[in-house]
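Down below is the structure, laid out as structure tokens.
Numbering (my numbering), first residue to last: 520 to 1778.
Right, here's the structure in full:
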């Protein structure tokens, strides 16, 4: 019995069986049986098929295998899904159902149906290449090393067949780009039988440049309607190609004969000459089959052939004899002038097809084709400069050189000739111009009044200086602007991170956002913000880059989820707003980030060699999920908002006018300044017009070249009129007003540290290479007593998932055996990994720019050892085989799961958890199971960045207790022992859902990976992420959102509901009108304002606002500049949903108040978290909505046994609203009719509810 199979995924749960009946190939799926054996690995199998992947033989006479040979049957047991007696099994391939379902709509449908999964489906009739199937399966499973870099054209055609058959476009687009590049010499230059294959390849993979080239070859070289050779090329495409061929042939033939007729009828020179010329021409045309004239549809005639023979026809000329002897006046009597012109015209017009031709055809909606439709300029301009300017930037000349260099550095990469897209072309970000001016809200009026007085007296150089960073590594901070010292405004320091001062000294490393979110403690959220602000101010940081409310855990494997507060927009909103209020109470400016849709790390950035992915989000989902915490942050008064790297609806965030102008500045009434993420600016004019106010760190597409999209180029664009003066004035006014708003004009410190070195002295501008030196670190200690707050957060976030038999808390006399490197220190020393870019020792935070150095670290090992004299430590991830525990011994097993930012790869995880999946790192699951094999009591402590799968061990009998300690920052040790030994009762709650398996999530939230072309990340799950999805899909998670046990128990009273503000109307009252904004002269400044000052000492590569010859820059007509589509200088009507900070102020009217009394009914002191969820009446609102949505929470104080506390939770109008995409406003059920409020300990432990108008009840 042959039970061999080929492995694609070693963890795969299915076998893909390939059969043939001698004429056609079939596939079916069956469950994998671990008794089967593998005979070959894919890399070995690829030997011999990489460049010459052979066609799989068709066997028409081979006998069918016995039924019991089928994979999925046990030996001796008859199979339930037998092979047809006239088919033979060609291959069995081990695959993952999760991966297939996530990447291929075909398999998603099939796997979700037990009936369909048993069926054998025919592959496309033309398909005959098993090697192509293996290539595709490796690609969709993310096995890039096993995907060949070179394939033959025949194989690529077969891969295209499978891609279209299975619908796995996202994964295959990138590889197709590389294959096409590597086969460029094989692409036909003239028409032959291979052209059809290449048309199909270009069509399926949406390769624009290839499609244009190969259809040009077909249009010009074919002699009739092309034969599809069994390939499923749309008939309309074939017909269109031939109609263009006929059109151009017809034009040439008709023109030729019309010219001949006009000579004979009207005369060309004289009758004798005309007769001679036409006769001579007919003599030459007859052997070429041009006389008599061919007729439509011109079978056998190609455009290229006709142009060639016409060019070979000698142009008849009348002789001197005819002119002189017969009296013809000398003059032009050649036949060809008009026909020759037409030949040139046809030669130009007979070109390839662009995908735009589909828009007017019936293929729209079936074959939606690529095209970049954005309101910004998607071609990355080399500068701000208008094309009509007399002085151009040199950046464009340098880019190809650096592109070549980068392509050499990254050989698996190259610049695409055109971006690749999937078939969904619906995503579109409409234009919104002009940028609204700031200053119209009363809360900001005083700051804007001060700013107006300053800005009205600034030179052009001073204005540009404050909008543009000085360049990468051109100062002590991550980024700094230029200055306006005449007005006391220094270089503004912008610096990371959301959890502490990055790359500094004597700072606090607070727990990150996910840990703060797990506390569900508003006081700690605010206090941490205060202390972050104090440390920023103490170090001289003007703008601290945080908090993070995007990403929002849409993708469980996303690398930077841990920087935010959790997987719910209200939790993110409350955590973010309180952090902002705390930070800015100290005078530091908060920069709320990342706006918006940055949900995975891979492929987030655009550059000269790649294009960041597009997060394609519908309007309602954007408002109700991803925009929600940003609106609350704007309402909290954030001074800055940082744009994300990615595109949204195919327009780059840094120049997306709808996001910045329309939503952020107009609808949400944001009064501060908008800044790029580092190196996220993609254009000069385009970003300025779209509402960007500050560029960081200032560099252009390639850092450290001394080039910028702004800086001197912004000066040029103001002088030549491309960027309106009014836009620049608003940019700088927003920056200066924010500076005044936070009181930074009053003794705010200058930077006293360097993020570039820990040495006391060093280069002042390291990026300049040749830099003046000086004191760069003053070692100012800003920690104060902030360790108390850091400790409280780390302790109060710890979430008790399981505690059988009240195993916890422990006593200090218990016999403990501690396992796992996660309990100990980094073996290479504290802070030995740049930006925490490693997983070595206890996991205190993820990695990337959202980190800081640890000033010290008490590990769990140290803390336990200090409290327990009977603890033994095995700081290893391999369980000691010789260990023989006693019955009373208790095992504490420490495991973790890490992730971070994309610029660092840790253990093959490029920020996102690609290799590790959602499992514990370093074989943590095996360590737990090994402990459970020999210990009767096992306690598992998990430090994790987010959701982690526990199924390999969670139900093992010895595993009595599980703690999620999240990411504790510097206080990892004693915060944990407080819980382990009972000094405190655990009061943390999950800020996300823990599933049974990863496939329980929607397929659309998986990571997307392709090497080339723009990824289209379609948010098709809509509102249903994390717990909202589990509720909608009726999937029970392992642990629900909000889950968290305590050492004690709590009882909840029946809640009470009070109506505070009647919801008399479906929509809020009319918005307030906008107040006045600062006004300035709109005259173009004198060019001398950006001339280099005399005797000025320049720093090499430093970005300045000055021009070498500003007088040469002329004010050109604005009509000559290719402004973005929809650009206008006429202000838009004020959006009805706006009117205040965050939106219409009426949205925050308290509509209802819910109160509940919580009593400690157990034997330990502890704190409870009351969580309030809203259930909206979907029948009344007429739209679908999640059945539960967190809207509020409150944490009690420490309640002793028997003590009670009443908590009140206010619900605003917005909390019970949905976004009406037609009206563009927030809509409620009038009177709140049908709204139900649920209160409980978690989403899975709801204790009571209240129905508006219907009373309250306990559960």
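Glycine included, each C-beta is placed from N, C-alpha and C at the ideal position.
For clarity, every value in this text was computed on a predicted model and none was experimentally measured.
May I ask whether a heavy atom of the ligand FMN can be found less than 7 Å away from the beta carbon of residue 1437?
What this structure holds is no ligand at all, so the ligand FMN is not there to describe.
In chain order, what residues of the same chain lie with their CB nearer than 7 Å to the CB of residue 1192, ignoring the 5 residues before and after it?
1159, 1212, 1213, 1253, 1254 and 1257
Give every residue of the same chain whose Cβ lies closer than 7 Å to the Cβ of residue 1471, excluding the five residues on either side of it in the sequence, and list them in chain order.
1444 and 1448
With a threshold of 16 other CB atoms inside 10 Å of the CB of residue 758, please say whether the residue is buried or exposed.
exposed
Could you check whether residue 1362 and residue 1415 sit closer than 8 Å to each other, using their CB atoms as the reference points?
yes
How many Å lie between residue 1716 and residue 1571 at the Cα?
15 Å
With DSSP as the reference, label residue 1619 as helix, strand or coil.
coil
How should residue 989 be labelled, buried or exposed, when 16 other C-beta atoms within 10 angstroms of its C-beta is the threshold for buried?
buried
Nearest-angstrom Cα separation, counted from residue 768 out to residue 762
10 Å
Whole angstroms are fine: how far does the CA of residue 999 sit from the CA of residue 1631?
30 Å
Three-state secondary structure (DSSP) of residue 753:
coil
Hey, how far is the Cα of residue 817 from the Cα of residue 771?
12 Å
Quick check on the DSSP output: what are the complete alpha helix (DSSP H) runs of length 4 or more inside the stretch 1481-1531, in order along the chain?
1491-1499
State the Cα-Cα distance for the pair residue 1525 and residue 1009, rounded to the nearest angstrom.
45 Å
Alpha carbon to alpha carbon, what distance is there between residue 1088 and residue 1144?
6 Å
Going by the DSSP bridge assignment, what does residue 1727 pair with across the sheet?
1674
Within a Cβ cutoff of 6 Å, which residues of the same chain sit near residue 1345, ignoring the five residues on either side of it in sequence?
1351, 1359 and 1360
Collapsed DSSP secondary structure at residue 1786 in the structure displayed:
Nothing can be reported for residue 1786, as the shown portion of the chain is limited to 520 through 1778.
Cut-off 7 Å between Cβ atoms - residues of its own chain near residue 1260, not counting five sequence neighbours on either side:
963, 966 and 1158
Looking at the structure shown, is residue 1168 part of a helix, part of a strand, or coil, going by DSSP?
coil
Thinking just about the alpha-carbon of each residue, which of 633, 1555, 1507 and 653 is nearest to the one in residue 1037?
1507
Can you pull the DSSP bridge partners for residue 1757?
1692 and 1768
Pick from 1587, 1650 and 654 that is closest to residue 1181, judged by C-alpha positions
1650
What residues are listed by DSSP as bridge partners for residue 1709?
1692
Exposure of residue 1787, with buried meaning 16 or more beta-carbon neighbours within 10 Å:
This structure cannot speak to residue 1787, because the chain is shown only from 520 to 1778.
Contact check, residue 821 vs residue 871, beta carbons under 8 Å:
no
Return the CA-CA distance between residue 1381 and residue 1070, expressed in angstroms with no decimal places.
34 Å
Return the CA-CA distance between residue 908 and residue 1633, expressed in angstroms with no decimal places.
With a pLDDT of only 33 at residue 908, under the threshold of 50, the placement of this residue in the model should not be trusted; the figure read from the coordinates follows. Those two C-alpha atoms are separated by around 7 Å.
Pairs of beta-carbons, one from the stretch 1558-1576 and one from the stretch 1756-1771, closer than 8 Å: are there three or more?
yes
Label residue 1743 either buried or exposed according to how many other C-beta atoms from any shown protein chain fall within 10 Å of its C-beta, with 16 as the threshold for buried.
exposed
What runs of the alpha helix (DSSP H), each 4 residues or longer, lie entirely inside the stretch 1269-1332?
1305-1316
If you draw a straight line from the alpha carbon of residue 1156 to that of residue 1668, how long is it in whole angstroms?
18 Å
Leaving aside the five residues before and after residue 1510 along the sequence, list all residues of the same chain whose C-beta is less than 7 Å from its C-beta, in chain order.
1033, 1036, 1037, 1084, 1085, 1086 and 1090
Length of the line joining the Cα atoms of residue 1740 and residue 1207
28 Å
Would you kindly check if the distance between the Cβ of residue 1512 and the Cβ of residue 1749 is under 8 Å?
no
How should residue 1403 be labelled, buried or exposed, when 16 other C-beta atoms within 10 angstroms of its C-beta is the threshold for buried?
exposed
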